[in-house]
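From first to last, the protein sequence lines stand for chains A and B. Residue 14 is where the first sequence starts when you use the numbering used here, and the numbers rise one by one after that. Residue 125 is where the second sequence starts when you use the numbering used here, and the numbers rise one by one after that.
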Amino acid sequence: MTQWGYVTVGYVLVFVVLAVYAVRTLLKGRALSKQVPPESRRWM
Amino acid sequence: MTESEATVPAHTGSRTTRLLGLATLVGIAVVLVLGLVVTGPDAVQGDAARLIYLHVPVAVAMNVGFGLTTLGSVMWLWKKSRWWDTVAVSACEVGLVYTGLTLVTGMVWGRPTWGVYWTWDARLTTFSLLFLLYLGYLVVRHLPAETEVRNRRSAYVALLAFVDVPIVYLSVSWWRGLHQSATLSLSSTISGLMLFTLMTGMIVALMGFAWLLIHRFRVAWLEDELDSVGLELAISERRAEAGMTSVNVPATVEAVVR
């Protein structure tokens, strides 16, 4: 693999992992928010 | 649906997170352009050195995460504050994601630079130990126990794990190995556009870290809310089974049951 190949793999891996983790966290937050009364989830 | 339910959205977002998220996305685009197009290849390592604009920023964000985990743990031991305990566990999980990314980008960078993905170099060894220590923190966190016992156990594990953080940083000075010396130190030679791109990358990595941390904090807060509601509900049911005439069900439990 060329040096650009390693660079591409590194960049893609980082952004894919962060995107998956972010989406997972947001979905979990939505699911939990529906089960908790509004007064317990008043964010600033 | 009550008026309160209609005005409080059922997610962990807020105006702050939306602005921060947008700024982070713009920042990522800027880093990509700077790191892959504007900044030239390194004189020694060539184009592979472009991985520095990811590897070092995610490592810095990881250190901030573990610093917050330690701070949150110390504050919990001192104040017994739920807020600080939630900071500790949220920062640890997000920090662990960044630790994994630091390991992976280091391995991908190591292959064209050293000829191998992995070697038992002092920095890599102490770093992988760090990953395992904080993974241990999350495992301890999930062991069945009363809330206070769980928080105390995990706080002590966090304090123990943090001992490895300065060892990781100093490992390249203490032991001779393949890993280059610290990129950010008084004796580092990085300068000009490379330094600017690296600094931009660090700011963006920290912004992304903050965005993830806020959302993860709110998720952890909601999990605790549900746990406490579940406990109150169980107590109420036991009281009802025991034939107690006056069953005092809290408003939060009623809301969840309803």
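All C-beta atoms in this analysis are idealised placements derived from N, C-alpha and C, irrespective of residue type, glycine included.
*Following the continuous alpha helix (DSSP H) through B/Glu217, name the residue where it begins and the one where it ends.*
Within the second sequence, numbered from 1, the residue matching residue 217 of chain B stands at position 93. Residues 206 to 238.
*Kindly indicate the opening and closing residues of the alpha helix (DSSP H) around B/Asp288.*
Translated into the one-based positions of the second sequence, residue 288 of chain B becomes position 164. First-last of the alpha helix (DSSP H) with B/Asp288: 288 to 298.
*Kindly indicate which three-state DSSP category B/Asp171 falls into: helix, strand or coil?*
One-based indexing of the second sequence puts residue 171 of chain B at position 47. B/Asp171: helix per DSSP, three-state reduction.
*Measuring only between beta-carbons, confirm whether B/Glu356 sits less than 8 Å from chain A.*
In the second sequence, the residue the question calls residue 356 of chain B occupies position 232. Closer than 8 Å: no.
*Taking DSSP as the reference, what is the three-state secondary structure of B/Asp245?*
The residue you call residue 245 of chain B lines up with position 121 of the second sequence. Coil, per DSSP.
*Counting Cβ pairs, one atom from each stretch, are 3 or more of them under 8 Å apart for the stretch 285 to 295 of chain B and the stretch 237 to 254 of chain B?*
yes
*If we call anything under 8 Å between Cβ atoms a contact, is B/Thr193 one with B/Ala344?*
Your numbering for residue 193 of chain B matches position 69 in the second sequence. Your numbering for residue 344 of chain B matches position 220 in the second sequence. Not in contact: B/Thr193 and B/Ala344 (Cβ atoms no closer than 8 Å).
*Would you grab the beta carbon distance between B/Leu225 and A/Val29 for me? Rounded to a whole angstrom, and I think it's under 8 Å.*
In the second sequence, the residue the question calls residue 225 of chain B occupies position 101. In the first sequence, the residue the question calls residue 29 of chain A occupies position 16. Actually they are not in contact, since the Cβ atoms of B/Leu225 and A/Val29 sit about 10 Å apart, beyond 8 Å.
*asked:* Could you compute how far the alpha carbon of B/Val184 sits from the alpha carbon of B/Arg342?
replied: Counting from one through the second sequence, the residue named residue 184 of chain B turns up at place 60. Counting from one through the second sequence, the residue named residue 342 of chain B turns up at place 218. Answer to the nearest angstrom: the Cα atoms are 23 Å apart.
_Own chain, CB closer than 7 Å to B/Trp208, minus 5 neighbours either side, in chain order_ = Numbered from 1 along the second sequence, position 84 holds the residue referred to as residue 208 of chain B. So the list reads Gly196, Met199, Trp200, once near-sequence residues are dropped.
*Can you list, in chain order, the residues of the stretch 265 to 299 of chain B whose Cβ is nearer than 7 Å to any Cβ on chain A?*
none
*Terminal residues of the continuous alpha helix (DSSP H) containing B/Ser305?*
For the purposes of this step, residue 305 of chain B is taken as the residue at position 181 of the second sequence. Here B/Ser305 belongs to no alpha helix (DSSP H), and DSSP marks it neither H nor E.
*Taking the alpha carbon of A/Leu40 as the point to measure from, which residue in B/Gly367, B/Asp351, B/Leu336, B/Glu365 has its own alpha carbon closest?*
Within the first sequence, numbered from 1, the residue matching residue 40 of chain A stands at position 27. Selected option, being the one with the closest Cα: B/Leu336.
*Can you give me the Cβ contacts of B/Pro181 inside the same chain, cut-off strictly under 6 Å, excluding the 5 residues immediately before and after it?*
On the second sequence, residue 181 of chain B is found 57 positions in, with the first residue counted as 1. Closer than 6 Å at the Cβ level, and outside the excluded window around B/Pro181, lie Gly325, Met326, Ala329.
*From B/Pro133, B/Gly354, B/Ile359, B/Glu365, pick the residue whose C-alpha is nearest to that of A/Ser46; which is it?*
Locating residue 46 of chain A in the first sequence gives position 33, where the first residue counts as 1. Of the listed residues, the one whose Cα sits closest to A/Ser46 is B/Pro133.
_Proximity test, Cβ basis, 8 Å: B/Gly170 and chain A_ = As a position in the second sequence, residue 170 of chain B is number 46, starting the count at 1. Taking Cβ atoms only, chain A reaches closer than 8 Å to B/Gly170, which makes this a yes.
*Assign B/Pro290 to buried or exposed, taking buried as 16 or more other Cβ atoms, counted over all protein chains shown, within 10 Å of its Cβ.*
Taking the second sequence and counting its residues from 1, the one referred to as residue 290 of chain B is at position 166. Under this definition B/Pro290 is an exposed residue.
*If you draw a straight line from the alpha carbon of B/Leu284 to that of B/Leu350, how long is it in whole angstroms?*
Indexing the second sequence from 1 puts residue 284 of chain B at position 160. Indexing the second sequence from 1 puts residue 350 of chain B at position 226. When rounded, the distance between both Cα atoms is 30 Å.
*Using a C-beta cutoff of 8 Å, does A/Gly20 count as contacting chain B?*
Working through the first sequence from its first residue, we reach residue 20 of chain A at position 7. Before going further, note that residue 20 of chain A is Val rather than Gly in the sequence given. Yes, A/Val20 counts as interfacial toward chain B.
*Contact residues within the stretch 131 to 161 of chain B, judged by C-beta distance below 9 Å to chain A*: Thr131, Val132, Pro133, Ala134, His135, Thr136, Gly137, Ser138, Arg139, Thr140, Thr141, Gly145, Ile152, Leu156, Gly159, Leu160
*Does any CB atom of chain D fall closer than 8 Å to the CB of A/Val29?*
Structure shown: chain D not included; protein chains present are A and B.
*Are B/His303 and A/Thr38 closer than 8 Å when you measure CB to CB?*
Your numbering for residue 303 of chain B matches position 179 in the second sequence. Your numbering for residue 38 of chain A matches position 25 in the first sequence. No, Cβ-Cβ distance for B/His303 and A/Thr38 is not below 8 Å.
*Give a yes or no on whether 8 Å exceeds the smallest Cβ distance from A/Pro51 to chain B.*
To locate residue 51 of chain A, count along the first sequence from 1; it is residue 38. Yes, its Cβ sits closer than 8 Å to a Cβ of chain B.
*Can B/Phe333 and B/Val154 be called in contact, C-beta distance under 8 Å?*
Translated into the one-based positions of the second sequence, residue 333 of chain B becomes position 209. Translated into the one-based positions of the second sequence, residue 154 of chain B becomes position 30. Contact: no.
*Would you say the stretch 225 to 243 of chain B touches the stretch 170 to 181 of chain B, given that touching needs at least three Cβ pairs under 8 Å?*
yes
*Any beta-carbon of chain A closer than 8 Å to the one on B/Gly367?*
As a working note, residue 367 of chain B is residue 243 in the second sequence. No, its Cβ sits nowhere closer than 8 Å to a Cβ of chain A.
*Measure from the C-beta of A/Ala35 to each C-beta in chain B and report whether the shortest distance is under 8 Å.*
If you number the first sequence from 1, residue 35 of chain A lands on position 22. Cβ-Cβ to chain B under 8 Å: yes for A/Ala35.
*Quick one: using the 10 Å Cβ neighbour count with 16 as the cut-off for buried, is B/Gly145 buried or exposed?*
Residue mapping note: residue 145 of chain B aligns to position 21 of the second sequence, counting from 1. So B/Gly145 counts as buried.
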